[in-house]
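Beneath this line is the structure, given in structure tokens, with notes to follow.
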Ligand code: UDP
């Protein structure tokens, strides 16, 4: 392959998208030697650069470059310096999506500069599925756009189809509805929709953005999907039929070391997956978390986190704490201010039952980590037995890559669809509740935690199935002389297709030039 080839990548500005985009860039770069330019805004570049510089275990990444796209949030009614969804309230995200359209002109400028300097367009543009406008932009400079979905095939199909068709609007006599693209017998439930899609009618701020962007993304040259063929055969089959363009399953985009370890304590080596993964400062160091986990029994700890941008309601927080205390299980809980409070503010003791943190600390039963935890280190520790998760796709892959079953509490975007698939197709999860408004009571929390961590019955069954998925995820990225996993093959196939397309186009352009010359 010609290592002078150049690929430009355009991630959506949210941690759950930036992390797999950077992992994809590393993978393409290491496999092909191509130059990769990640185009995004100033603060997100700072975050990505620090992720690379804290990653002492990675190969040199000299061919990954960053291009800054100017983005002035105050022009769009957003708080100053809001370049990422992290601290945005869900109601501001609609604005943020529309504001992202202002990246179009600077990206066009960047692509034209590349054409000018290199004498040809980049091999392709890989843009987030939420940036459908990139399809036409890529064409205008003589290249193609490939949409990248950072979520699984099943979740992507449900997300795209529900936004484009709003099928729940036509099911007035029932809480359940069919979704185009899914088999006739499949039903989704209104409670699986976040409030913005539930209330959408095609004219609101969310639909106007997402319907326009997703329908243009469908016109891309193809889609890359952060998942593995063998873990979601149905999802991939349905997604391909719906999109009718090639879909390459190139996941799981998590550090390779986390897919090669044999789930154990890492405390003695001082090695941390976390440091290879994200540059955010954790509320507690990986070493401290591991030290605490080393004191617990195998598969006994419940890890609780709602991802990079979600939190739960105040009364839910209280009931979760009550249920946890009553259950007697050990846990690590990543805590953030509840819904309605400033997510950047200090966590207040009054949001939890009186004396809760102190009692948990004294008894060494519970560890509360403020804001951000070294998630992969926790999940890969042998003491971690289950993950109470919002079912964000990165969290799902990280959990299953370590054979850890899931207790679902989906909050937003496609998380409830992921949760449905984890329960109905994979059998690795049960759901506690949905959203930040759902009513939960301590007693039910206790019952379901005990069920998931049970060494027999449903708990055991889910753990066995999670271990099966773990094996498939690890197989998919095996790249040995006598064996190539499905994701490695898909990545090569993607590269071949894109190179073939580019050669064809160059040949055609030479023909056209010859013809014009005559
Ligand atoms: N993450 C982490 N520590 C935290 C919360 C999140 O390392 O305390 C990482 C997590 O490992 C995952 C990403 O942030 O890679 C969250 O992505 P996901 O798709 O699960 O959810 P989102 O944040 O997009 O809702």
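Numbering (this note's numbering), first residue to last: 7 to 524. The beta carbon of each residue, even a glycine, is placed where N, CA and C say it ideally should be.
Any heavy atom of the ligand UDP closer than 7 Å to the CB of residue i?
i	result
residue 525	Past the edges of the chain, shown from 7 to 524, lies residue 525, and the structure says nothing about it.
residue 57	no
residue 404	yes
residue 463	no
residue 399	yes
residue 121	no
residue 316	yes
residue 387	no
residue 33	no
residue 396	yes
residue 560	Given a span of 7 to 524 for the chain in the structure shown, any question on residue 560 remains unanswerable.
residue 435	no
residue 240	no
residue 392	no
residue 52	no
residue 340	yes
residue 228	no
residue 378	yes
Mark residue i as exposed unless 16 or more other C-beta atoms lie within 10 angstroms of its C-beta, in which case mark it buried.
i	result
residue 516	exposed
residue 175	exposed
residue 383	buried
residue 470	exposed
residue 522	exposed
residue 215	buried
residue 489	exposed
residue 301	exposed
residue 202	buried
residue 218	exposed
residue 45	buried
residue 342	buried
residue 369	exposed
residue 248	buried
residue 11	buried
residue 286	buried
residue 95	exposed
Report yes if the C-beta distance between residue i and residue j is below 8 Å; otherwise report no.
i	j	result
residue 414	residue 442	no
residue 376	residue 197	no
residue 358	residue 379	no
residue 159	residue 226	no
residue 391	residue 493	no
residue 310	residue 128	no
residue 313	residue 401	yes
residue 237	residue 475	yes
residue 503	residue 258	no
residue 24	residue 50	yes
residue 172	residue 228	no
residue 389	residue 292	no
Do you know offhand how far residue i's Cα is from residue j's?
i	j	result
residue 351	residue 325	22 Å
residue 510	residue 26	30 Å
residue 255	residue 231	5 Å
residue 52	residue 88	14 Å
residue 459	residue 408	15 Å
residue 164	residue 195	12 Å
residue 272	residue 263	Bear in mind that a pLDDT of 45 at residue 272, under 50, signals an unreliable position, so the number given afterwards is only what the model happens to contain. Rounded to whole angstroms, residue 272 to residue 263 spans 12 Å at the Cα level.
residue 518	residue 126	16 Å
residue 220	residue 416	22 Å
residue 274	residue 484	With a pLDDT of 41 at residue 274, under the threshold of 50, the modelled position of that residue is not reliable, and the figure given next carries that caveat. Taking the straight line joining both Cα atoms gives about 27 Å.
residue 54	residue 386	23 Å
residue 119	residue 456	59 Å
residue 477	residue 424	20 Å
residue 512	residue 115	22 Å
residue 79	residue 366	42 Å
residue 157	residue 22	9 Å
residue 450	residue 464	16 Å
residue 189	residue 178	20 Å
residue 62	residue 137	Any reading at residue 62 must be qualified, since the residue scores a pLDDT of 48, below 50, and its modelled position is unreliable; the value itself is stated next. Residue 62 and residue 137: Cα-Cα distance of roughly 32 Å.
residue 72	residue 316	28 Å
residue 224	residue 339	39 Å
residue 244	residue 161	11 Å
Any beta carbon from chain B within less than 8 Å of residue i's own beta carbon?
i	result
residue 53	Here there is only one protein chain, and chain B is not present.
Pop quiz: residue i and residue j are said to be a contact at Cβ under 8 Å. What is the actual Cβ separation, rounded to whole angstroms?
i	j	result
residue 91	residue 102	6 Å
residue 241	residue 497	In fact, because the Cβ distance is near 19 Å, the residues do not count as touching under 8 Å.
residue 155	residue 142	That belief does not hold up - the Cβ atoms of residue 155 and residue 142 are roughly 19 Å apart, past 8 Å.
residue 200	residue 345	Contact doesn't hold; Cβ gap of about 13 Å is too wide.
residue 169	residue 222	Not quite, the Cβ-Cβ distance comes to about 13 Å (not below 8 Å), so this is no contact.
residue 29	residue 42	About 12 Å; that fails the 8 Å criterion.
residue 150	residue 130	5 Å
residue 145	residue 332	Going by Cβ atoms, the distance from residue 145 to residue 332 rounds to 59 Å, so no, they are not a contact pair.
residue 289	residue 337	Incorrect: roughly 15 Å between the Cβ atoms, too far for contact.
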